[in-house]
Amino acid sequence: MRGSHLSRTRTLTAVLALATAGTVALSGCGQQKQTVGTAPAPKKQDAFERRADQLVRDWPKVSPVAGRQQALLPLVGADRPKDKGVREITVTVGHSACDAHFGARSHESKDLVVITGWGKRKSNKGMCTEQLATDKVTVRLKSALDGRKIVDAATGKQLLKG
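According to the numbering used here, the sequence shown is numbered sequentially starting from 41.
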């Protein structure tokens, strides 16, 4: 029965050690007030943000995106800004005639303003014709255009040259 005595001693020691560790953890390590929080998880980039970062990094040696994506619709054109101080650009987005919602979004860097069109279908069910609809959309910039190049995210081409 010698082993049972050692077993009880080990068990008692383990229980006391866990109780002590729990007490220390609950006491906040001796501090009167301790605030605990969590940092927000890093936001995962969507297809447009990844593409815009690539264009800014590799400009002007870029290729068009493969295929057609609802988050990266090519632009049909853009209205020429009146001056360098404008903070709005009007682009023409080519989207599906079956899109319930559509628009454009931008990503700004020191040298470029990357813009893409986007569309959201009414429903994935049912039939949809392969018609292209075009609509003008105004994009608001965070800062003045000020000579930056405007680039179509889908094609990688500069809009409004010259």
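Ideal placement from N, C-alpha and C gives every residue a C-beta, glycine not left out.
Note that the structure is predicted; figures quoted are calculated from it, not measured.
Euclidean distance between Cα positions of Leu199 and Asn164
32 Å
Comparing alpha-carbon positions, which option in Asp192, Thr132, Arg91 lies nearest Thr178?
Thr132
When the Cα atoms are used, what is the spatial distance from Ser136 to Gln171?
6 Å
Which residues mark the beginning and the end of the beta strand (DSSP E) in which Arg161 is found?
152-161
Whole-angstrom distance between Ala81 and Asp119, CA atom to CA atom:
39 Å
Are Asp192 and Pro114 closer than 8 Å when you measure CB to CB?
yes
Cutting at 8 Å between CB atoms, please list the residues of its own chain near Gly134, excluding the five before and the five after it.
Leu113, Pro114, Leu115, Val116, Gly157, Leu172, Ala173, Thr174
Pick from Arg91, Glu148, Thr78, Arg97 that is closest to Val105, judged by C-alpha positions
Comparing alpha-carbon positions, the option among Arg91, Glu148, Thr78, Arg97 lying closest to Val105 turns out to be Arg91.
Smallest Cα separation from Lys150: which of Lys83, Asp93, Phe88?
Of the candidates Lys83, Asp93, Phe88, the one whose C-alpha sits nearest the C-alpha of Lys150 is Asp93.
Select from Ser183, Val96, Arg161, Ala111 the residue whose C-alpha is nearest the C-alpha of Lys197.
Val96
Rounded straight-line distance, which links the Cα of Thr169 to that of Ala87:
25 Å
Helix, strand or coil for Arg91? Go by DSSP, reduced to three states.
Judged by DSSP in its simplified three-state form, Arg91 adopts helix.
If you count every other CB in all the chains shown that lies within 10 Å of the CB of His147, and 16 or more means buried, which is it?
buried
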